[in-house]
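**Student:**
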Amino acid sequence: MTAQTGARKRSWEWLGVAALLAVYWWMAVSVSPRMGLTADEPSHLTAGYSYWRCNDYRLQPESGMLPMRLAALPLLAMNVHWVPANDADWNHAVVSRVANTFLFDRANPRDRMVAAGRAMIALLGVFTIWLIWRWARHLFGPAGGWIALTVAAFSPTLLAQGGLTTADMAITAALLAAMTAYWRLLHVVSWTNVALASVALVAALLAKMSGILALPMFAILLVVRWLRPTPLIVRLRGAGTWRRPRTAIIGTTVGATLAMGIGALILLWGAYGFRYSALAPGHAPDAQFELTWNEVLHAGTPADGTAGAPVTSTAAAARPFVPRVIAWTREHRLLPEAYLWGVAHTYKFSRRRLAFLDGDARATGWTRFFPLTFWYKTTLPTLGLFAAGLAAFAATRRRERAGSRWYRASPLAALFVLYWAAALHTPLNIGQRHIVPTYPVVFVFAGAAALWLARGPRRLVAAALALAVVAQVSDSLAARPFYLSYFQPLAGGTANGWHHLVDSSYDWGQGLPDLATWIAARHAAGDRDPVYLTYFGADSPRARRLPVIRFADEINDTGMRTFPVRPGGGWFAISATHFQRVYLHLSGPWTDARERRYQQLRLALSGAGTPPDQAHLLPEAMEFEVLEFGRLCHWLKDRKPVAIVGGSILLFHLSAPEVRFALNAPLTDVDHSLALTTAH
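When we follow this note's numbering, the leftmost residue of the sequence shown carries the number 7, and every step to the right adds one.
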């Protein structure tokens, strides 16, 4: 092959890669009109805008500054109205309420803002997939690169996360970039590589608090590098280029690592304006974090029992090791306050978190959660190619060649193993998104399936690989527009995914635009039955002017309606997460204790609404409504929904007698009805 022919071939390859990356970006952002605001998006977009506009870092610092700033960047060119400077929620950093005001009550172009933020995050997906292609091509050749590129570009997982204003695509991109840049630095020491590694590391630290895992990953790579006799190239301006012998590798790589760390530390401080305080200059006197430092540092109960009071020395001494380190770092102001607060917040709230798996709910998590989630939500073509790629990689015949390939894949192996080890030991089991940073490794090794082309019947292998890639594209197109709700066929498919997982693995609040369309279509067809909505998420049925009756989902909206709702016959639109009643603390079987409380409240509220003269009954009325909903779901648990709209909202149609029976019949009769329904 002549040099001219090779250059032409590479040009066509790059053109094809660019085209596939553009297709991915378009697929991720084009579904935005059908995707309502998911649970974390309002706070991310609002916090990011507050960083740019107010130079204040108190809102949501635990979620990562990088993706929030990036998503909010287009808002600076829009006619956007910020919340009033004297707003109490802003001064107390209550991000959910500030976000609600910013997006729904200030006449801002909400849909444009959300779409623009998502388009920016999708660029991180493009960057991630480009790195996947580079890694696969580097390890397994052009064919391996094309397989990895195509499978990744059409992955429902990357399309879902790349199309949302959250931090998960950012940490995925940043961790892969950090491992890539640091590995390069360990082989070619230059100021350019030091700078790139510094930027990549600080990007990981600012993408999400789990970016701290990059540090032990780097330590693993450093040891692997020391054990390999590959010469080290040092290329410093004014000093020429030379190779260092093995004996000098340790000192040189340690020096390069320290230089990288210093650069990352400077960049980290720079991200916060080289300012320790999270509060902007000239802040309001009552400005503060949403939680006090005592609360996020697990300081225990303050001495006088009030929030923000000084903790006793006994309580401080009882802190776990991590909060003690954070407190010491804060005392010496070694890192910006907002970053430290974010680390402390993440540590505190990741130790116990309600989660759902296969009908069970608990706050302490399951070791099997993420392995099962990976199985449920990864396409069968990806699983097949990943298994074939690992087998081909392990079957490399020549020992020297295999060792070299394993060595070159060390950054991917370190990322995959350490991140999975951390995931398996965390009780934060609320979604597939928490293992998304490991998916690039899966896609790269899916590309290793191309190694079989040199080991078996070439045409047969090529046909099998092509079929797998086509199947991946087909699965991806079938999942549109609700990539987030995707479940592979052997797990029951998307229609049944809510039996296995909820929250950000299935129903993250994205269904309201499609629900609005469905209601409009029912009205046009003459169906005027009431729609009772039990919605989970951060979108606003009220702002979208949905003609629905809220039922058991708006317990904080005490001034807007009467409690409890008296449901009758009609449509029941229930978010899958609330149908499993995870966050209503009613998941699982309907117990005797729940039934006793239900009947007690029913008797106390008999004939009573919640007008002003009965305000003392409001807490009981709200609790009763939630229990009412729980009893209804108990009766519905074996009934198949009429439809699922928005990839997340289950629709049931019940007659008035059915509703009365489910809510009023003796529990033994309700259970008997369930048994009969199941039997038939």
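Ideal placement from N, C-alpha and C gives every residue a C-beta, glycine not left out.
1) Just to confirm the assignment: which complete alpha helix (DSSP H) runs, minimum length 4, are found wholly within the stretch 338 to 396?
2) Can you list, in chain order, the residues of its chain with a C-beta nearer than 7 Å to that of residue 202? Leave out the 5 residues immediately preceding and following it.
3) Ends of the alpha helix (DSSP H) at residue 465?
4) Would you kindly work out how many angstroms separate the C-alpha atoms of residue 594 and residue 369, rounded to a whole number?
5) State the Cα-Cα distance for the pair residue 579 and residue 513, rounded to the nearest angstrom.
6) Give me whichever residues DSSP pairs with residue 650 in a beta bridge.
7) Give a yes or no on whether the C-beta atoms belonging to residue 268 and residue 232 are separated by under 8 Å.
8) Nearest to residue 341 by alpha carbon, out of 293, 46, 212 and 230?
9) Between the alpha carbons of residue 604 and residue 573, how many angstroms are there, rounded?
10) For the candidate residues 163, 131, 76 and 15, whose alpha-carbon lies nearest to that of residue 489?
11) Could you tell me if residue 20 is buried or exposed, where buried requires 16 or more neighbouring beta carbons within 10 angstroms of its beta carbon?
12) Using 8 Å as the threshold, is the C-beta distance between residue 138 and residue 168 below it?
13) Tell me whether residue 315 sits in a helix, a strand or coil according to DSSP, three-state version.
14) Could you tell me the distance, in whole angstroms, from the CA atom of residue 656 to the CA atom of residue 13?
15) Suppose contacts are defined by Cβ-Cβ distances below 8 Å. Is residue 575 in contact with residue 662 by that definition?
16) Who pairs with residue 332 in a beta bridge, going by DSSP?
17) Mind checking which residues open and close the beta strand (DSSP E) that includes residue 538?
18) Do residue 43 and residue 78 have their CB atoms nearer than 8 Å?
19) What number of angstroms, rounded off, separates the C-alpha of residue 293 from the C-alpha of residue 103?
20) Please name the residue in 343, 345, 612 and 303 whose C-alpha comes closest to that of residue 327.
21) For residue 290, which residues of its own chain have a beta-carbon under 8 Å away from its beta-carbon, when the five flanking residues on both sides are left out?
22) Per the contact definition of three or more C-beta pairs closer than 8 Å, is the stretch 582 to 596 in contact with the stretch 353 to 370?
23) Using only the alpha-carbon positions, how far apart do residue 400 and residue 455 sit?
24) Which same chain residues end up closer than 6 Å to residue 165 when comparing Cβ atoms and leaving out the 5 residues on each side of it in sequence?
25) For residue 501, collect the residues of the same chain with a Cβ closer than 7 Å to its Cβ; drop the 5 residues on either side in sequence, then sort them by chain order.
26) Using only CA atoms, which one of 193, 217 and 392 lies nearest to residue 451?
27) What first and last residue would you give for the beta strand (DSSP E) that runs through residue 239?
28) Helix, strand or coil for residue 108, going by three-state DSSP, please let me know.
29) Assuming residue 515 and residue 545 form a contact by the criterion Cβ under 8 Å, report the distance between their Cβ atoms to the nearest whole angstrom.
30) From this set, 94, 569, 640 and 577, which residue's C-alpha is nearest residue 600's C-alpha?
31) Please state whether the Cβ-Cβ distance between residue 131 and residue 84 is less than 8 Å.
32) Measure from the alpha carbon of residue 694 to the alpha carbon of each residue in 458, 181, 261 and 265, then state which is nearest.
33) Below 8 Å, can you find three or more Cβ-Cβ pairs linking the stretch 177 to 186 to the stretch 430 to 449?
34) What are the start and end residues of each continuous beta strand (DSSP E) run of 3 or more residues lying completely inside the stretch 489 to 565, in chain order?
35) Provide the residue(s) that pair with residue 576 in DSSP beta bridges, ordered along the chain.
36) For residue 194, name the three-state secondary structure that DSSP assigns.
**Tutor:** A quick look at the data gives this:
1) Listed in chain order, the complete alpha helix (DSSP H) runs (minimum 4 residues) inside the stretch 338 to 396 are 343 to 355 and 375 to 383.
2) 187.
3) Unbroken alpha helix (DSSP H) run through residue 465: 464 to 485.
4) Between the C-alpha atoms of residue 594 and residue 369 there is a straight-line separation of about 14 Å.
5) The alpha-carbon of residue 579 is positioned some 13 Å away from that of residue 513.
6) Beta-bridge analysis with DSSP links residue 650 to 656.
7) Against a cut-off of 8 Å, the Cβ pair of residue 232 and residue 268 comes out as no contact.
8) Closest option to residue 341, Cα to Cα, is 212.
9) Those two C-alpha atoms are separated by around 16 Å.
10) When only C-alpha atoms are compared, the closest one is 163.
11) Label assigned to residue 20: exposed.
12) With respect to residue 168, residue 138 sits apart: the two C-beta atoms are not nearer than 8 Å.
13) Here residue 315 scores only 39 on pLDDT, less than 50, and its place in the model should not be relied on; the value that follows carries that caveat. Reduced to three states, the DSSP call for residue 315 is coil.
14) One alpha carbon belongs to residue 656, the other to residue 13, and they sit about 54 Å apart.
15) At the C-beta level, residue 575 and residue 662 come within 8 Å of one another.
16) In the DSSP output, where bridge partners are listed per residue, residue 332 has none listed.
17) In this chain, the beta strand (DSSP E) harbouring residue 538 covers 537 to 540.
18) For residue 43 and residue 78, no; Cβs fall outside 8 Å.
19) C-alpha separation (whole angstroms): 15 Å.
20) Looking at the Cα atoms, 303 is the closest of the given residues.
21) Excluding its 5 nearest sequence neighbours in each direction, residue 290 has C-beta neighbours in its own chain below 8 Å: 91, 92 and 97, listed in chain order.
22) Result yes; three or more Cβ-Cβ pairs closer than 8 Å.
23) Distance between the alpha carbons of residue 400 and residue 455: 11 Å.
24) Excluding sequence neighbours, residue 165 sits near 33, 34 and 489.
25) Excluding residues within five positions, the ones whose Cβ falls inside 7 Å are 650.
26) The candidate whose alpha carbon is nearest that of residue 451 is 392.
27) Segment 238 to 242, the beta strand (DSSP E) holding residue 239.
28) Collapsing the DSSP output to three states places residue 108 in a helix.
29) Yes, residue 515 and residue 545 are in contact; Cβ-Cβ is about 5 Å, under 8 Å.
30) The candidate whose alpha carbon is nearest that of residue 600 is 640.
31) No Cβ-Cβ contact shorter than 8 Å links residue 131 with residue 84.
32) This structure cannot settle anything about residue 694, because the visible part of the chain is limited to 7 through 686.
33) Touching, yes, given that three or more Cβ pairs across the two stretches are closer than 8 Å.
34) Scanning the stretch 489 to 565 for uninterrupted beta strand (DSSP E) segments of 3 residues or longer gives 537 to 540, listed from N- to C-terminal end.
35) Answer is 660.
36) Correct three-state label for residue 194: strand.
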